[in-house]
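> Chains as they are written, first to last, in our numbering: chain P, 189 to 442; chain E, 189 to 442.
#1: Taking all protein chains shown into account, do 16 or more other C-beta atoms lie within 10 angstroms of the C-beta of residue 368 (chain E), making it buried, or fewer, making it exposed?
#2: Taking the alpha-carbon positions, what's the residue 407 (chain P) to residue 331 (chain P) distance?
#3: Evaluate contact between the segment 285-292 of chain P and the segment 367-383 of chain P, counting only Cβ atoms and requiring at least three cross-stretch pairs below 8 Å.
#4: Using the three-state DSSP reduction, which class does residue 342 (chain P) fall into: helix, strand or coil?
#5: Do residue 396 (chain P) and residue 280 (chain P) come within 9 Å of each other at the CB atom, strictly closer than that value?
#6: If you count every other CB in all the chains shown that lies within 10 Å of the CB of residue 443 (chain E), and 16 or more means buried, which is it?
#7: Measure the C-alpha to C-alpha separation of residue 268 (chain E) and residue 391 (chain P) and round it to an integer number of angstroms.
#8: Rank P:311, P:374, P:302 by C-alpha distance to the C-alpha of residue 410 (chain P) and give the top, closest one.
#9: Let me know the secondary structure DSSP gives residue 261 (chain P) once reduced to three states.
#10: Report the option in P:196, P:195, P:439, P:201 whose CA atom is closest to the CA atom of residue 322 (chain P).
#11: Considering only the alpha carbon of each residue, which of P:236, P:319, P:358, P:340 lies closest to residue 278 (chain P)?
#12: Please tell me whether residue 196 (chain P) has its Cβ less than 9 Å away from any Cβ of chain E.
#13: Can you name, in chain order, every residue of its own chain whose Cβ lies under 6 Å from the Cβ of residue 402 (chain E), other than the five neighbours on each side?
#14: What are the boundary residues of the beta strand (DSSP E) that includes residue 363 (chain E)?
#15: Starting from residue 243 (chain E) and walking both ways along the beta strand (DSSP E), at which residues does that stretch end?
#16: Which term fits residue 196 (chain E), buried or exposed, when burial requires 16 or more other beta carbons within 10 angstroms of its beta carbon?
#17: Mind checking if residue 264 (chain P) is an interface residue toward chain E, Cβ cutoff 9 Å exclusive?
#18: Using a Cβ-Cβ distance cut-off of 9 Å, determine whether residue 435 (chain E) contacts chain P.
#19: Check whether the Cβ of residue 357 (chain E) lies closer than 9 Å to any Cβ atom in chain P.
#20: Which stretch, first to last residue, makes up the beta strand (DSSP E) that contains residue 413 (chain P)?
#21: For residue 420 (chain E), list the residues DSSP reports as bridge partners.
#22: Return the CA-CA distance between residue 275 (chain P) and residue 204 (chain E), expressed in angstroms with no decimal places.
#23: Quick check on DSSP: helix, strand or coil for residue 426 (chain E)?
#24: If you reduce the DSSP assignment to three classes, tell me which class residue 435 (chain E) lands in.
#25: Are the C-beta atoms of residue 290 (chain P) and some chain E residue less than 9 Å apart?
#26: Anything in chain P within Cβ reach of residue 523 (chain E), meaning under 8 Å, just list it in chain order.
#27: Quick one: residues in its chain with C-beta nearer than 8 Å to the C-beta of residue 348 (chain P), no 5 flanking neighbours on either side, listed in chain order?
#28: Looking at the C-beta of residue 284 (chain E), does it have a partner C-beta in chain P at a distance below 9 Å?
#29: Go ahead and pull the three-state DSSP assignment for residue 220 (chain P).
#30: Strictly by DSSP, which residues pair up with residue 298 (chain E)?
#31: By the criterion of Cβ-Cβ separation under 7 Å, what are the contact partners of residue 307 (chain E) in chain P?
#32: Give me the subset of the segment 314-348 of chain P whose CB atoms are less than 8 Å from a CB atom of chain E, sorted by chain position.
#33: Where does residue 370 (chain E) sit, in a helix, a strand or coil, going by DSSP?
#34: Using the C-alpha atoms, what's the distance from residue 320 (chain P) back to residue 437 (chain P)?
#35: Applying the 10 Å Cβ sphere with the 16-neighbour rule, what's the burial state of residue 360 (chain P)?
#36: Quick check on residue 333 (chain E): does DSSP put it in helix, strand or coil?
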């Protein structure tokens with residue numbers, strides 16, 4: 189496609205992972221609340237392609253959305269312990285504002301950064317720590333109802349429901365990526381849960397690239413590398429998006 | 189139990205159906221944004237038992253919640269066509285505020301008025317109008333992911349997710365009742381959809397009474413009468429809550 193891809197929350201960790209590994213794949217338009225220095229922008233993305241705004245500012249979002257082909261929506265309060273007032277405003281109201289602007293502008297595809305925290309309460313005491321281990325067969329596949337770990341997780345589950353609404357009523361393709369534990373270079377050390385839901389930077393970039401390129405209607409997929417340890421299925425991401433991860437947290441274990 | 193049951197949105201249609209048919213079953217405490225005249229209160233419920241407040245007023249809600257055994261939470265913007273700003277504030281933020289006050293006060297049970305609009309988009313063109321007819325076997329049973337009809341439905345699905353969070357993390361029993369089409373006296377006329385999801389006033393009151401009396405963890409049930417036409421299963425409400433409806437929209441058809 190020739191039209192740009194709008195990346196909200198471009199300066200955050202997920203946004204930087206995407207730009208570092210897929211910076212040359214699309215014509216990017218970047219949005220963040222804070223200015224993005226040259227070190228945070230891929231080559232060829234100038235200051236004119238950067239929109240500095242709060243995502244609840246409807247007019248500013250409308251301007252950023254003009255002529256956009258696809259949105260990767262990462263902006264929001266990323267803290268699992270974020271208080272309700274913040275996730276209500278930044279994650280719930282903010283995501284509504286981005287969806288509404290996207291359908292108003294005729295955007296075709298929308299990838300939403302959901303989170304493992306939308307389903308963290310499936311990690312019940314009777315399942316832990318077994319579900320983090322390679323031999324355990326418990327899996328979530330995206331068909332299950334949310335069970336949030338925290339109010340941040342509630343806000344992410346709400347973003348998924350907003351996507352369902354906008355897909356059903358406005359036809360926009362929507363994929364929700366329940367991002368695992370994104371760390372650079374290697375998986376979390378001495379942390380089985382983090383290893384079970386590890387997502388490497390390059391697998392993260394590849395996955396969101398597939399969200400722009402693939403054809404789909406409405407999907408909920410898990411965003412983790414191809415770890416031996418896992419309790420999230422990546423089958424749906426492989427089938428629908430053509431996700432083909434290269435990393436595995438087991439390769440970093442002693 | 190001797191402790192009161194708090195009914196929010198007591199002056200609305202669902203609240204009045206409950207009070208008219210179950211007004212003598214519990215010690216009621218009523219909450220509404222508007223004053224409730226004597227004709228809207230059951231015998232024995234005086235003005236001292238009525239709290240006039242907006243549900244986003246945390247201090248007022250805290251006072252109303254003191255010593256309460258169970259909450260039936262109906263308050264919110266009831267319009268399917270309600271705009272986002274209203275459902276964000278009244279239905280999403282308001283429901284969070286009621287849940288938080290309930291767990292702070294040690295409330296044991298929480299019945300949330302969800303809606304058929306949380307799943308209205310399952311009524312796809314290829315299923316309509318067959319799914320409204322007695323011979324059709326398509327059923328929703330509460331395990332399915334939300335597919336809201338509108339932003340009001342998004343807000344109701346969010347209330348369900350808030351309930352999941354508060355149940356998992358604070359132990360409060362939560363039941364979400366996806367209320368169908370509540371009309372007094374008889375089902376909607378010449379409206380197959382309304383007949384398929386008809387809920388009579390007395391069945392509505394009985395169902396919420398069971399939500400106060402029965403034991404459960406976290407549930408999503410459908411609130412309709414025992415209609416011949418239906419695409420919502422009431423099996424779960426029967427099994428878990430002991431719901432035993434007496435009405436059927438078919439008895440009113442010509």
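Idealized CB from N, CA, C, for every residue including glycine.
So, to answer that:
#1: buried
#2: 9 Å
#3: no
#4: helix
#5: no
#6: Because chain E in this structure spans residues 189 to 442, residue 443 (chain E) falls outside the shown range and cannot be described.
#7: 41 Å
#8: P:302
#9: strand
#10: P:439
#11: P:340
#12: no
#13: 429, 430
#14: 361-367
#15: From DSSP, residue 243 (chain E) is part of no beta strand (DSSP E); its letter is neither H nor E.
#16: buried
#17: no
#18: no
#19: yes
#20: That residue, residue 413 (chain P), is in no beta strand (DSSP E); it is neither H nor E in DSSP.
#21: E:328
#22: 34 Å
#23: helix
#24: coil
#25: no
#26: Any property of residue 523 (chain E) remains undetermined from this structure, which presents chain E solely from 189 to 442.
#27: 300, 302, 306, 334, 364, 408
#28: yes
#29: strand
#30: E:259, E:362
#31: Those do not exist, as residue 307 (chain E) stays about 10 Å from chain P at its closest Cβ, beyond 7 Å.
#32: 331, 333, 334, 335, 336, 338, 339, 341, 342, 345, 346
#33: strand
#34: 12 Å
#35: buried
#36: coil
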